[in-house]
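Trainee:
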Amino acid sequence: MHEYKGIPILRNSRRKTIGIYVSGNGNFEVRCPVGCPDAEIVRFVNSQNAWIERHRQNRITESERLSVDELKRLGEESLREIAPRVRYFAERMQVRVRKVTFKVMKSRWGSCSSDGNISLNILLMLAPVKVRDAIVVHELSHRIYMNHSRDFYALCEKHFPEYRECEKWLHIHSREILSRVYQ
Ligand SMILES: [Zn+2]
């Protein structure tokens with residue numbers, strides 16, 4: 385047996401145990417001792433279904449990864465599309481903002497410092513328009529509450545009634561979007 389469920393089986397005389405790995409090109413491979421019986425490989429691979437599924441979901445292909453040019457374009461678009469939304473909501477919410485910076489962030493969509501500097505992730509351009517607005521309102525609400533209290537969320541919802549729905553969307557899709565830049 386050279387493969388099972390599309391996963392290549394690599395037999396190696398120096399191996400003592402059986403294991404499954406993600407190879408350098410992002411594909412799975414099973415490594416096992418030379419004399420490992422097929423039935424044992426089948427049993428082993430089937431016992432790893434949950435692990436395989438988890439890694440399959442995390443894995444992104446080269447074509448999904450954003451190039452430098454694409455990131456540059458998203459940066460330009462976010463200045464054009466999101467910056468005016470910050471001004472719009474800041475005025476409606478009557479909060480003052482010092483500086484708005486757009487950048488690629490690894491694990492968050494935005495941040496707001498206590499002195500009023502707001503950072504927003506340019507990858508928001510890959511999210512629906514209302515989700516971008518929700519994040520803008522979130523960061524602006526930090527101009528009033530520097531926490532994630534009940535009052536804070538009430539304020540978010542007051543200025544953006546679809547806020548909860550957007551948070552749910554991000555909860556589901558964040559990892560998939562953020563992983564287009566970082567593995
Ligand atoms: Zn926050």
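For the sequence shown, the working numbering puts the final residue at 567, and the numbers step up evenly by one.
Just so you know, even glycine gets a beta-carbon here, dropped at the ideal spot from N, CA and C.
Computed from a predicted structure; not experimentally measured.
Nearest by alpha-carbon distance to K552: which of A511, N531, R527, S497 is it?
Mentor: Here the closest residue by C-alpha is A511.
Trainee: Quick one: grab the DSSP three-state call for E546.
Mentor: The answer is coil: DSSP assigns E546 none of H, G, I, E or B.
Trainee: Look at the alpha carbon of W435 and the alpha carbon of V426, and state the distance between them as a whole number of angstroms.
Mentor: Cα to Cα, the separation comes out at about 15 Å.
Trainee: Between the Cα of H555 and the Cα atoms of K542, V484, V481, V515, which residue gives the shortest distance?
Mentor: Checking every option, the nearest Cα to that of H555 belongs to V515.
Trainee: Given 8 Å as the limit, is there contact between the stretch 534 to 546 and the stretch 484 to 495, that is, 3 or more CB pairs closer than that?
Mentor: Touching, no.
Trainee: Using a Cβ-Cβ cutoff of less than 6 Å, which residues in the same chain neighbour S462 once the five nearest sequence positions on both sides are dropped?
Mentor: Around S462: F486, I506, M509.
Trainee: Could you tell me whether the Cβ atoms of V481 and I502 are closer together than 8 Å?
Mentor: Closer than 8 Å, so yes.
Trainee: Please list the terminal residues of the continuous alpha helix (DSSP H) segment that includes V426.
Mentor: Here the alpha helix (DSSP H) through V426 covers 422 to 431.
Trainee: Can V418 and S431 be called in contact, C-beta distance under 8 Å?
Mentor: For V418 and S431, no; Cβs fall outside 8 Å.
Trainee: Provide the residue span of the alpha helix (DSSP H) that contains G459, from first to last.
Mentor: Where G459 is concerned, the enclosing alpha helix (DSSP H) stretches over 452 to 477.
Trainee: From L458 to R492, what distance separates their C-alpha atoms?
Mentor: If you take the alpha carbons of L458 and R492, they lie about 16 Å apart.
Trainee: Quick check on S525: buried or exposed, where buried means 16 or more other Cβ atoms within 10 Å of its Cβ?
Mentor: It counts as buried.
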